[in-house]
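In my numbering, the protein residues as written are 1425 to 1713. Just so it is clear, CB atoms sit at the ideal spot from N, CA and C, and this is done for glycine as well. Quick caveat: nothing in here was measured; it's all calculated off a predicted structure.
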């Protein structure tokens, strides 16, 4: 099987930190698909070569910033089978306001949206772009902020966690529970993960992440960011592979590629086994190349 893997930051040279995360994800997935017996093709750019390579492949997966991932995935689908989430789901998850409102409307716990000047507006908030990747341009404020293209959500004090999952055919399989290395000094910065941690509320957290994935329609590899306080609060749903996947590939007892292909063409197992844990910071990502 011929598989195209297209990672935007690697193809375009976008930002050193982001490019390192992208390169680590790309290399991890490429090695996994090659070991699964697939021939892997990586486009030189996200223009003509992207479409040319996609047309020559049986299926593919795109990793790109939220503001373009849906369109690039639609281009992929015009040429071959998409191994990730559909474009409509990607657009929904990229819109943090719409996603939060949908989660809350369906009875899930998520930090509520707070508006400047509202009676409840004078509370500590996380202010973030309505669309955007990771912790880019995210900051903490003592009250809601009205800023074009941003939303304010109530600050929830708790553990910064994430769940890595794979989905397909109506089945969602949680892979690992991860602790996020988050630095807060006015701004919010992500600096890696502890992958496959133990936690007394692991089953509850897995259940919340699975529910979010089902509700939003995620497919393939995806990640759910959670703050755990008195219960899991869904902070963000990333309808694409996330950086934690470089650690996931090292700790599960099966192949990421095998899971992705089973999610799309077969049937996922009920669970995965583990070979240990993995911890990394952004500085460590070179070891995954």
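Segment contact, 8 Å Cβ cut-off, at least three pairs: the region 1560–1580 with the region 1621–1635: No, the region 1560–1580 is not in contact with the region 1621–1635.
Cβ-based burial, residue 1573 [other Cβ within 10 Å; buried from 16]: Residue 1573 comes out exposed.
Per DSSP, cross-strand counterpart(s) of residue 1734: With the chain running from 1425 to 1713 in the structure shown, residue 1734 is simply not present.
Residue 1578 beta carbon near the ligand FAD (any heavy atom closer than 8 Å): As for the ligand FAD, it is missing from this structure, which has no ligand bound.
CB contact below 9 Å: residue 1499 versus chain B: The chain inventory of the structure shown lacks chain B, comprising one protein chain alone.
Span separating the alpha-carbon of residue 1657 from that of residue 1517: Straight-line Cα distance between these residues: approximately 16 Å.
Residue 1596 versus 1536, 1540, 1509, residue with shortest Cα-Cα distance: Among 1536, 1540, 1509, the Cα nearest to that of residue 1596 is on 1509.
Endpoints, alpha helix (DSSP H) assigned at residue 1686: Per DSSP, residue 1686 belongs to the alpha helix (DSSP H) from 1680–1689.
Meets three-Cβ-pair contact criterion under 8 Å: the region 1565–1579 and the region 1539–1548: Here the region 1565–1579 lies against the region 1539–1548, with 3 or more beta-carbon pairs under 8 Å apart.
Burial state of residue 1624, where buried means 16 or more other Cβ atoms lie within 10 Å: Exposed, by the Cβ-count rule.
Within the region 1528–1571, ranges of the beta strand (DSSP E) (whole runs, at least 3 residues): Within the region 1528–1571, the runs of beta strand (DSSP E) that reach at least 3 residues and sit entirely inside it are, in chain order, 1549–1553, 1563–1565.
Contact check, residue 1476 vs residue 1489, beta carbons under 9 Å: The answer is no: Cβ separation not under 9 Å.
Proximal residues to residue 1569 (C-beta, below 8 Å), its chain only, five neighbours per side dropped: So the qualifying residues of the chain are 1540, 1549, 1551, 1576.
Cut-off 6 Å between Cβ atoms - residues of its own chain near residue 1592, not counting five sequence neighbours on either side: 1643, 1687, 1688.
Euclidean distance between Cα positions of residue 1566 and residue 1505: Using only the alpha carbons, I get a separation of about 46 Å.
Bridge-paired residues (DSSP) for residue 1704: Its beta-bridge partners are 1617.
Nearest-angstrom Cα separation, counted from residue 1652 out to residue 1604: Residue 1604 and residue 1652: Cα-Cα distance of roughly 12 Å.
Collapsed DSSP secondary structure at residue 1502 in the structure displayed: Residue 1502: coil per DSSP, three-state reduction.
Stretch-stretch touch, CB-based, cutoff 8 Å, three pairs: the region 1495–1504 with the region 1440–1459: Under the three-pair Cβ rule at 8 Å, the region 1495–1504 does not count as touching the region 1440–1459.
Residue 1462 in three-state terms, based on DSSP: DSSP places residue 1462 in coil when its eight states are reduced to three.
Segment contact flag, the region 1526–1534 with the region 1655–1669, C-beta cutoff 8 Å, min 3 pairs: Contact holds between the region 1526–1534 and the region 1655–1669, because three or more Cβ pairs, one in each stretch, are under 8 Å apart.
N- and C-terminal bounds of the beta strand (DSSP E) containing residue 1603: Residue range 1595–1609 is occupied by the beta strand (DSSP E) that includes residue 1603.
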